[in-house]
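Asks: Just dropping this structure here.
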Amino acid sequence: MKRAPAPLPRSFYAANPRRGPHASGVPFGPETVDIARDLLGCVLWRRLGDELLAARIVETEAYLGANDRASHARGGLRSARNRSMYLAGGHAYVYFTYGMHFCMNVVTAEEDIAEAVLLRAAEPIHGIETIRRNRPKAKRDSDLLSGPGKLCMGMAINREQDGLPLDGKALFITAREVVIEDQEIEVTSRIGIDNSGEASQWPLRFLIRGNPHVSGRKR
DNA sequence: TTATTGATTGACT
DNA sequence: GTCAATCAATAAA
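Going by this note's numbering, the first sequence opens with residue 2, and the numbers climb by one from there.
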């Protein structure tokens, strides 16, 4: 069985949302934006019994808590669904949407600050046979994890992983194995949140430029 | 209590 | 390009 590197330390996820304006132009939540960027290239691991699945993160989006109209925590809302968003940085927030899909976030910042990074797409690097079985409708390998719902389906992530720490046995994230230059990172507005006013335009989506495993239709 | 909508995907024209 | 699937969370009444 493949041996995984050590998980990222909890300090990796310790954003400080009160530090001030950010160079991105977003008027708050500076560090969670940086964590969304830094998560590109990091590896998401999932243990299923004896088997380890792994995928390199290639697309993320930052969600900035109470002041972000697109966030499930907009206006400071607390509910049974978004409870995990208020955990300390370094936990998973997994939710169910459209009656059929799960999406996984990496919670950032301190406890009671509901900031998080949505994992939108990844590139399978280990356990790909199992990932293919989990994604029977995928027509090619670059579609196995090329969207937030696909990523959860392929990596067998569901309600049971909501609230888990990201340095645990069943689910964890490890550091980049190669350098990623700033020029390799593309920044856009977020997907699927058109009804969130100005927040719809904020540059909070990060992806590895030209990577075939990102979300969206392919040529 | 009922109605609307969604951090999506996949099939179809 | 359009649209159905499918249901929980949230909003509206």
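Note that beta-carbon positions come from the ideal geometry of N, C-alpha and C, so glycine has one too.
Just curious, the alpha helix (DSSP H) that N222 is in, first and last residue?
Replies: Not covered by the structure: residue 222. The range shown for the chain is 2 to 220.
Asks: Please report the Cβ distance between G155 and N135, rounded to the nearest whole angstrom; I am assuming they are in contact, meaning their Cβ atoms lie under 8 Å.
Replies: Here the question's residue 155 lines up with position 154 in the first sequence. Here the question's residue 135 lines up with position 134 in the first sequence. 5 Å between Cβ atoms; contact.
Asks: Among all the DSSP beta bridges, which residues are the ones paired with P8?
Replies: Within the first sequence, residue 8 is the residue found at index 7, counting from 1. In DSSP, P8 forms a bridge with T175.
Asks: Ignore the nearest five residues each way along the sequence and tell me which others in F97's own chain have a CB closer than 7 Å to its CB.
Replies: As a first step, residue 97 must be located in the first sequence, where it is residue number 96. Closer than 7 Å at Cβ, skipping near neighbours: F103 and R160.
Asks: Compute the beta-carbon to beta-carbon distance between R82 and H73, rounded to the nearest angstrom, for a pair I have assumed lies under 8 Å.
Replies: On the first sequence, residue 82 is found 81 positions in, with the first residue counted as 1. On the first sequence, residue 73 is found 72 positions in, with the first residue counted as 1. That belief holds up - the Cβ atoms of R82 and H73 are roughly 7 Å apart, short of 8 Å.
Asks: Within the continuous beta strand (DSSP E) that includes C153, where are the two ends?
Replies: Taking the first residue of the first sequence as 1, we reach residue 153 at position 152. Here C153 belongs to no beta strand (DSSP E); instead the alpha helix (DSSP H) covers P149 to G155.
Asks: Please report how far the alpha carbon of T61 lies from the alpha carbon of I181, in whole angstroms.
Replies: Walking along the first sequence from the start, residue 61 turns up at place 60. Walking along the first sequence from the start, residue 181 turns up at place 180. If I take the Cα positions, the gap works out to 15 Å.
Asks: Helix, strand or coil for D69? Go by DSSP, reduced to three states.
Replies: Position 68 of the first sequence holds residue 69. Three-state DSSP puts D69 in coil, outside helix and strand.
Asks: If you scan the stretch 40-68 from start to end, which runs of the beta strand (DSSP E) of 3 or more residues do you find wholly inside it?
Replies: Along the length of the stretch 40-68, whole beta strand (DSSP E) runs at least 3 residues long occupy 44-49 and 52-65, reported in chain order.
Asks: Quick one: using the 10 Å Cβ neighbour count with 16 as the cut-off for buried, is Q184 buried or exposed?
Replies: On the first sequence, residue 184 is found 183 positions in, with the first residue counted as 1. So Q184 ends up on the exposed side.
Asks: Considering only C-alpha positions, which residue in the set V34, A71 and L165 is nearest to D195?
Replies: Along the first sequence, read from residue 1 onward, the residue named residue 195 stands at position 194. Comparing Cα positions, the closest option is A71.
Asks: Relative to the C-alpha of A200, which candidate in K219, S190 and A89 has its C-alpha closest?
Replies: Your numbering for residue 200 matches position 199 in the first sequence. Out of K219, S190 and A89, the CA that lies nearest to the CA of A200 is found in S190.
Asks: What does the Cβ neighbour count give for A93, buried or exposed, with the cut at 16 atoms within 10 Å?
Replies: Here the question's residue 93 lines up with position 92 in the first sequence. Residue burial is scored here from C-beta neighbours: A93 has at least 16 other C-beta atoms within 10 angstroms and is therefore classed as buried.
Asks: Which runs of the beta strand (DSSP E) at least 3 residues long sit entirely within the stretch 174-206? Give them in chain order.
Replies: 186-189
Asks: Helix, strand or coil: which one does DSSP assign to I36?
Replies: One-based indexing of the first sequence puts residue 36 at position 35. DSSP places I36 in helix when its eight states are reduced to three.
Asks: Looking at the unbroken beta strand (DSSP E) that takes in V108, where does it start and where does it end?
Replies: Here residue 108 refers to the residue found at position 107 when the first sequence is read from its first residue. Where V108 is concerned, the enclosing beta strand (DSSP E) stretches over H102 to T109.
Asks: When DSSP labels each residue in this structure, what does Y99 get in the three-state scheme?
Replies: Counting from 1 along the first sequence, the entry for residue 99 is found at position 98. DSSP places Y99 in coil when its eight states are reduced to three.
Asks: For S143, collect the residues of the same chain with a Cβ closer than 6 Å to its Cβ; drop the 5 residues on either side in sequence, then sort them by chain order.
Replies: Your numbering for residue 143 matches position 142 in the first sequence. Within the same chain, P213 and H214 come within 6 Å of S143 by CB-CB distance, once the 5 residues on both sides are set aside.
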